[in-house]
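So for the sequence shown, the numbering used here puts the first residue at 8; every next one is plus one. Taking it in order: structure first as structure tokens, then the write-up.
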Amino acid sequence: MRKQIAAANWKMNLTYQQGEKLLDDILTAKIPLAPHQQVIFTVPYPYLIMANSAVANENNYAVAAQNCYHKKSGAFTGEVSTEMLQSIGIKYCVIGHSERREYFAESNQQLAEKIDLLLEKSIQPIFCCGEALSIREAGTQNNWVETQLKESLFHLQPGDMEKVIIAYEPIWAIGTGKTASAAQAQEMHEFIRSIIQQKYGTAIADNLSILYGGSVKGANAGEIFAGPDVDGGLVGGASLVAEEFIAIIKALK
Ligand code: 13P
Numbered sequence: 008m009r010k011q012i013a014a015a016n017w018k019m020n021l022t023y024q025q026g027e028k029l030l031d032d033i034l035t036a037k038i039p040l041a042p043h044q045q046v047i048f049t050v051p052y053p054y055l056i057m058a059n060s061a062v063a064n065e066n067n068y069a070v071a072a073q074n075c076y077h078k079k080s081g082a083f084t085g086e087v088s089t090e091m092l093q094s095i096g097i098k099y100c101v102i103g104h105s106e107r108r109e110y111f112a113e114s115n116q117q118l119a120e121k122i123d124l125l126l127e128k129s130i131q132p133i134f135c136c137g138e139a140l141s142i143r144e145a146g147t148q149n150n151w152v153e154t155q156l157k158e159s160l161f162h163l164q165p166g167d168m169e170k171v172i173i174a175y176e177p178i179w180a181i182g183t184g185k186t187a188s189a190a191q192a193q194e195m196h197e198f199i200r201s202i203i204q205q206k207y208g209t210a211i212a213d214n215l216s217i218l219y220g221g222s223v224k225g226a227n228a229g230e231i232f233a234g235p236d237v238d239g240g241l242v243g244g245a246s247l248v249a250e251e252f253i254a255i256i257k258a259l260k
């Protein structure tokens, strides 16, 4: 069975001490997890080492960076390379979050470069895609997402594509309290899987974890995750509250 993943995205929230406490509250809940279920904490750069050591003895828990730079190394003040992430033992990295695309003008091409640099360092990309409200209203969301996938991922060889995790996050549902319906999420996830299947075949498409993101909370996670092509969630606001995120983890299939 493909991995079912509850990924927390803390974004630019919490102090170091609050982050430590949140991890502790979640880990001490000792949630029973099956081997195919995984929890990933996507934390700010300065907390990566702390978070990684907090989960070091846990089988189903891992840590992700929220971003990385699209160049290998050099004079890029303030940026963080994939080699740096690898050197502190990070195994996952979120890229292409809609907030980075919007506020930092990240392009599909830059994301393709980031994907390559991550895979080169054995870090699994959690690749975000998703449409704005105007695109959804125009009914062209499938084309939009297909282009994001094609321009950032379709240069990959099959052996690399199978390491990618996809997060579908409709922008109109992020932080708005307005969740896509379970049916809307399932419909897009099924479409994404079909696009991957056409290019990479059934085995890779069937194994690909596709997470939903956008106002997931304890109360709606079960319904959303029930979609056969929805393999868990990438969670912002609700991942900052231990009881909420614990409920989301428990809702994994
Ligand atoms: P919210 O869960 O706060 O809507 O954020 C979703 C998200 O952007 C996760 O990456």
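Where a beta carbon is used, it is the ideal one built from N, C-alpha and C, also for glycine.
Is it buried or exposed, Asp-213, if we count other Cβ atoms within 10 angstroms and call 16 or more buried?
As a working note, residue 213 is residue 206 in the sequence shown. Exposed.
Anyone know if the C-beta pair for Ala-192 and Gly-234 falls short of 8 Å?
Here residue 192 refers to the residue found at position 185 when the sequence shown is read from its first residue. Here residue 234 refers to the residue found at position 227 when the sequence shown is read from its first residue. Yes, these two residues count as a Cβ contact at 8 Å.
Phe-83 by DSSP, collapsed to three states: which one?
Against the sequence shown, residue 83 aligns to sequence position 76. It is coil, neither helix nor strand.
Give the single residue among Tyr-207, Ile-203, His-196 whose Cα lies nearest to the Cα of Leu-218.
Reading the sequence shown from its first residue, position 211 is the one you call residue 218. The candidate whose alpha carbon is nearest that of Leu-218 is His-196.
Residue of Ser-80, Arg-108, Cys-135 minimising C-alpha distance to Cys-100:
Taking the sequence shown and counting its residues from 1, the one referred to as residue 100 is at position 93. Selected option, being the one with the closest Cα: Cys-135.
Tell me, please, which residues DSSP counts as bridged to Gln-44.
As a position in the sequence shown, residue 44 is number 37, starting the count at 1. BP columns for Gln-44 point to Gln-11.
Tell me whether the beta-carbon of Tyr-76 lies closer than 8 Å to the beta-carbon of Ser-88.
Counting from one through the sequence shown, the residue named residue 76 turns up at place 69. Counting from one through the sequence shown, the residue named residue 88 turns up at place 81. Yes, the Cβ-Cβ distance between Tyr-76 and Ser-88 is below 8 Å.
What are the start and end residues of the beta strand (DSSP E) that includes Phe-134?
Residue numbering aside, residue 134 sits at position 127 when the sequence shown is read from its first letter. For Phe-134, the enclosing beta strand (DSSP E) begins and ends at 131 to 136.
Cβ pair Gly-220, Gly-240 closer than 8 Å
Working through the sequence shown from its first residue, we reach residue 220 at position 213. Working through the sequence shown from its first residue, we reach residue 240 at position 233. Contact flag set, yes.
Quick one: what's got a C-beta closer than 8 Å to Glu-65's C-beta in the same chain, skipping five residues either side?
Residue mapping note: residue 65 aligns to position 58 of the sequence shown, counting from 1. Taken in chain order, the residues that qualify are Leu-34.
Closer than 8 Å by C-beta to Arg-9: which residues in its own chain qualify, once you throw out the five before and the five after it? Chain order, please.
Here residue 9 corresponds to residue number 2 of the sequence shown, with the count starting at 1. Closer than 8 Å at Cβ, skipping near neighbours: His-43, Asp-213, Asn-214, Leu-215, Ser-216, Asp-238.
Just confirm the distance between the C-beta atoms of Thr-49 and Gln-25, as a whole number of angstroms; I'd bet it's less than 8 Å.
Taking the first residue of the sequence shown as position 1, residue 49 is located at position 42. Taking the first residue of the sequence shown as position 1, residue 25 is located at position 18. 15 Å between Cβ atoms; not a contact.
Asn-265 beta carbon near the ligand 13P (any heavy atom closer than 7 Å)
Lying before the first or after the last residue shown, residue 265 is absent from the chain, which here runs from 8 to 260.
Would you list the residues sitting across from Gly-240 in a DSSP beta bridge?
Taking the sequence shown and counting its residues from 1, the one referred to as residue 240 is at position 233. In DSSP, Gly-240 forms a bridge with Ala-13, Tyr-219.
Could you check what DSSP says for Tyr-76 in three-state terms: helix, strand or coil?
Counting from one through the sequence shown, the residue named residue 76 turns up at place 69. It is coil, neither helix nor strand.
Is it the case that the segment 245 to 253 contacts the segment 11 to 24, given that we only count it when at least three CB pairs across the two stretches are under 8 Å?
yes
Where Ala-226 and Ile-172 are concerned, what is the direct C-alpha to C-alpha distance, given to the nearest angstrom?
Numbered from its first residue, the sequence shown carries residue 226 at position 219. Numbered from its first residue, the sequence shown carries residue 172 at position 165. Straight-line Cα distance between these residues: approximately 24 Å.
Tell me Val-70's beta-bridge partners as DSSP assigns them.
Taking the first residue of the sequence shown as position 1, residue 70 is located at position 63. BP columns for Val-70 point to Phe-48.
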